[in-house]
Amino acid sequence: MSDDKKVEKKEFQKAVSGAFAEIVEKLEKLTVKELADLVKDLEDRWGVSSVPMAATGAVAQTGEIAQVDEKSEFTIHLVDAGSQKIAVIKAVREVRPDLGLKEAKDLVDGAPKEVKANVPKAEAEEAKKKLETAGAKVELK
Numbered sequence: 001m002s003d004d005k006k007v008e009k010k011e012f013q014k015a016v017s018g019a020f021a022e023i024v025e026k027l028e029k030l031t032v033k034e035l036a037d038l039v040k041d042l043e044d045r046w047g048v049s050s051v052p053m054a055a056t057g058a059v060a061q062t063g064e065i066a067q068v069d070e071k072s073e074f075t076i077h078l079v080d081a082g083s084q085k086i087a088v089i090k091a092v093r094e095v096r097p098d099l100g101l102k103e104a105k106d107l108v109d110g111a112p113k114e115v116k117a118n119v120p121k122a123e124a125e126e127a128k129k130k131l132e133t134a135g136a137k138v139e140l141k
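Final position of the sequence shown in the UniProt record's numbering is 141; the numbers increase by one with none missing.
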């Protein structure tokens, strides 16, 4: 490293004193991967998460951190029953065992229609797969 680069680096460094100086010195010796692992471990330990870069502007303006939550519950929506209605009726009865044959048939004949609401993500994806395998067109909303 040339002397010019050393000078530039020193200009950008903020003076740290006291107990933090030792911590900062140790952090500077870590690799990027080690720092990322450290951040993840601290987030897990303290039950917090890093603020995404897009949210920092919102924090500056509102003083609050906007949380972005992944959707955890879905509605299974039958868009079209397709040409294999009997197979789709059977699949609907697998997804909704509380329905009788007539109710399942009416649901399939009435498409587009909601099959089941407030379903956990894994269950919704499994139901979608069953219905699509039977020949239906399905959306998760």
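Even glycine gets a Cβ: it sits at the ideal position worked out from N, Cα and C.
Local Cβ density within 10 Å of LEU107, reported as buried at 16 or more and exposed below that
By the neighbour-count rule (16 or more Cβ atoms within 10 Å), LEU107 is buried.
Helix, strand or coil at LEU78 according to DSSP, with G and I counted as helix:
Looking at LEU78 - three-state DSSP - the assignment turns out to be strand.
Give the straight-line distance between the Cα atoms of LYS29 and LYS71, rounded to the nearest whole angstrom.
Cα to Cα, the separation comes out at about 39 Å.
What residue range does the alpha helix (DSSP H) around ALA136 cover?
Where ALA136 is concerned, there is no enclosing alpha helix (DSSP H), given that its DSSP letter is neither H nor E.
Buried or exposed for PHE20, going by 16 or more other Cβ atoms inside 10 Å?
By the neighbour-count rule (16 or more Cβ atoms within 10 Å), PHE20 is not buried but exposed.
Return yes when the Cβ of GLY47 is within less than 7 Å of the Cβ of ALA136, no when it is not.
Result no, Cβ atoms of ALA136 and GLY47 do not sit closer than 7 Å.
Chain-order list of residues whose beta-carbon lies under 7 Å from that of VAL88 (same chain, five-residue window excluded)
Cβ neighbours of VAL88 beyond the five flanking positions: ALA81, GLY82, VAL108, LEU131, ALA134, GLY135, ALA136.
In angstroms with no decimal places, state the Cα-to-Cα distance between ASP41 and PRO112.
Distance between the alpha carbons of ASP41 and PRO112: 46 Å.
Distance check for LYS129 and ALA117, CA to CA, integer angstroms please.
Going by the C-alpha atoms only, they are around 16 Å apart.
GLU114 and THR75: beta carbons closer than 7 Å?
When the beta-carbon positions are compared, GLU114 and THR75 come within less than 7 Å of each other.
In the DSSP assignment, find the alpha helix (DSSP H) that holds ALA91 and state where it starts and stops.
From DSSP, the alpha helix (DSSP H) with ALA91 extends over 85-95.
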